[in-house]
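Engineer: Just remember that our numbering sits 1 ahead of the position in the sequence shown, which is counted from 1.
The beta-carbon is built from N, C-alpha and C at its ideal position, and this holds for glycine as well.
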Amino acid sequence: STGRIYDKTEHRMTFEGILYRMRTGIPWRDLPSEFGEWSTVYRRFNLWSKKGVLDKLFRSLSSMADFEW
Numbered sequence: 002s003t004g005r006i007y008d009k010t011e012h013r014m015t016f017e018g019i020l021y022r023m024r025t026g027i028p029w030r031d032l033p034s035e036f037g038e039w040s041t042v043y044r045r046f047n048l049w050s051k052k053g054v055l056d057k058l059f060r061s062l063s064s065m066a067d068f069e070w
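1) Ser61 by DSSP, collapsed to three states: which one?
2) If we call anything under 8 Å between Cβ atoms a contact, is Phe36 one with Gly18?
3) Could you say which of Lys51, Lys57 and Arg45 lies nearest to His12 if we only look at CA atoms?
4) Assign Thr10 to buried or exposed, taking buried as 16 or more other Cβ atoms, counted over all protein chains shown, within 10 Å of its Cβ.
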């Protein structure tokens with residue numbers, strides 16, 4: 002165990018921050034604080050990209066009939 006606690010809400014905000022950045026094209030450093038620390042969102046974006054997490058999320062969400070972000 003890494004000692005970290007899984008926080009579903011925090012991961013949701015991180016994902017929403019990633020989507021926001023992708024939609025707007027703003028620099029990571031300009032990400033609104035409502036998504037958490039920009040560096041955390043950026044770090045998770047890189048980690049999740051490398052591990053294929055984002056691909057799985059996008060595939061799963063796009064298969065939903067009411068996909069709305």
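Structural biologist: This is what the structure gives:
1) As a position in the sequence shown, residue 61 is number 60, starting the count at 1. DSSP places Ser61 in helix when its eight states are reduced to three.
2) Here residue 36 is taken as the residue at index 35 of the sequence shown, counted from 1. Here residue 18 is taken as the residue at index 17 of the sequence shown, counted from 1. Contact: yes.
3) Position 11 of the sequence shown, counted from the first residue, corresponds to residue 12. Of the candidates Lys51, Lys57 and Arg45, the one whose C-alpha sits nearest the C-alpha of His12 is Arg45.
4) Taking the sequence shown and counting its residues from 1, one reaches residue 10 at position 9. Under this definition Thr10 is an exposed residue.
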